[in-house]
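Q: Take this structure first; my questions come after.
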């Protein structure tokens, strides 16, 4: 029997630590996410509108309506009590609303992008206005939801007081946009014709393939170091649940978004059409805060910064965060900086 080597001993130790971490993860069970207390204030076809509970009188606080992307659940904004953008907003004195998209069914394959922007977002905005007895809202659009918010603000400028975009693509064909380069030549008619609604698992695999080591092997190597840290293990489990839970995409809306924006870059060219109306970003004249990540691999900073030259607002500000697409929501530094900066900006203008 050959004598053990330092390498073999180290490998055995790592294996034992990984096994311990996995045992502890298993004991945690299915982690809860999105647990900040809320109520449903509107149910519509394809969505529901949530309002988060606050101890203070909510109508005395500035309100913000969050429009999240379709491709993931919004609960990364409410991952756990210590990593919750939504809870930070509440603590800082905002009245928080959020649109939760429903999973598309087989009968929703032909649902169009206009259904989301001109119907669901519009109905949510009108409900917030009714509850608040106000004529316009503060919108906070996240990623794809930010693009939706830009479109809505251009089509219905009288309905938006202030607009915050967060890791939002505007120019979909910047040189450093790897995702754009990958999907630019996809045959969308064939894809939707094959699947109907586009499977979330397929899209999730695409996102992981953009950073295969970091989003694949590396996180499990990092798991080795968490065996002695139950709180960090719980956070890991919540992130894993959020990443794995990717909803399907309504086929026609998906094709319209990818084809119109990633393949033809129609928004920045002034050729993007919603409900037979051109989305003219120059019609956005309200105050705008554009928040983006400097190391974002899905929405490069250049894709977001393009907004500055597209709108007519005399009050345009940018907030650059030294982090990535997910870290801008959940990292401890982001939790300390981003909600506070957004709230300060909003309160100064609301």
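In the numbering used here, the protein residues as written are 25 to 374. A virtual CB, placed ideally from N, CA and C, is assigned to each residue, including glycine.
Under three-state DSSP, which class holds residue 365?
A: For this step, residue 365 is matched to residue 341 along the chain shown. Looking at residue 365 - three-state DSSP - the assignment turns out to be helix.
Q: Relative to the alpha-carbon of residue 130, which residue among 272, 197, 304 has its alpha-carbon at the smallest distance?
A: As a working mapping, residue 130 is identified with position 106 in the chain shown. Checked all of 272, 197, 304; the closest Cα to residue 130 is 272.
Q: Since residue 149 is in the alpha helix (DSSP H), which residue starts that stretch and which ends it?
A: For the purposes of this step, residue 149 is identified with residue 125 of the chain shown, where counting begins at 1. Run containing residue 149: 146–156, per the alpha helix (DSSP H) assignment.
Q: Using a 10 Å radius around the Cβ and a threshold of 16 neighbouring Cβ atoms, would you call residue 125 buried or exposed?
A: One-based indexing of the chain shown puts residue 125 at position 101. Buried: at least 16 other Cβ atoms inside 10 Å.
Q: Starting from residue 121, follow its DSSP beta bridges and name the residues at the other end.
A: Stepping through the chain shown from its first residue, residue 121 is reached at position 97. The partner list for residue 121 (beta bridge, DSSP) reads 75, 89.
Q: For the segment 101–111 and the segment 349–369, state whether three or more C-beta atom pairs, one from each stretch, are separated by less than 8 Å.
A: yes
Q: Can you give, in chain order, each stretch of the alpha helix (DSSP H) that sits fully within the segment 312–337 and has at least 4 residues?
A: 325–329
Q: Considering only residues of the same chain and omitting the five flanking positions on each side of residue 141, which have a CB-CB separation below 7 Å?
A: Translated into positions along the chain shown, residue 141 becomes position 117. Contacts found: 172, 175, 176, 298.
Q: With burial defined as no fewer than 16 other Cβ atoms inside 10 Å of the residue's Cβ, what is the status of residue 89: buried or exposed?
A: Here residue 89 corresponds to residue number 65 of the chain shown, with the count starting at 1. Counting Cβ neighbours within 10 Å, residue 89 comes out buried, since at least 16 surround it.
Q: Suppose only complete runs of 4+ residues qualify. What are the alpha helix (DSSP H) ranges in the segment 160–189, listed by chain order?
A: 168–179
Q: Would you say residue 137 and residue 334 are within 9 Å of each other, going by their C-beta atoms?
A: For the purposes of this step, residue 137 is taken as the residue at position 113 of the chain shown. For the purposes of this step, residue 334 is taken as the residue at position 310 of the chain shown. No, they are not a contact pair.
Q: Is the beta carbon of residue 133 sitting closer than 9 Å to the one on residue 274?
A: The residue given as residue 133 occupies position 109 in the chain shown. The residue given as residue 274 occupies position 250 in the chain shown. Yes. Within cutoff.
Q: My guess is that residue 191 and residue 166 are in contact by the Cβ rule of under 8 Å, so how many angstroms apart are they, rounded?
A: By 1-based counting over the chain shown, the position of residue 191 is 167. By 1-based counting over the chain shown, the position of residue 166 is 142. Contact holds; Cβ gap of about 7 Å.
Q: Helix, strand or coil for residue 106 per DSSP?
A: As a first step, residue 106 is located in the chain shown; it is residue number 82 there, counting from the start. Residue 106 falls in the coil class under three-state DSSP.
Q: Using DSSP with H/G/I as helix, E/B as strand and the rest coil, what is residue 276?
A: Translated into positions along the chain shown, residue 276 becomes position 252. Residue 276 falls in the helix class under three-state DSSP.
Q: Going by Cα to Cα distance, which pick from 304, 332, 341 is closest to residue 181?
A: For the purposes of this step, residue 181 is identified with residue 157 of the chain shown, where counting begins at 1. Of the candidates 304, 332, 341, the one whose C-alpha sits nearest the C-alpha of residue 181 is 304.
Q: Relative to the C-alpha of residue 294, which candidate in 331, 207, 121 has its C-alpha closest?
A: Walking along the chain shown from the start, residue 294 turns up at place 270. Checking every option, the nearest Cα to that of residue 294 belongs to 331.
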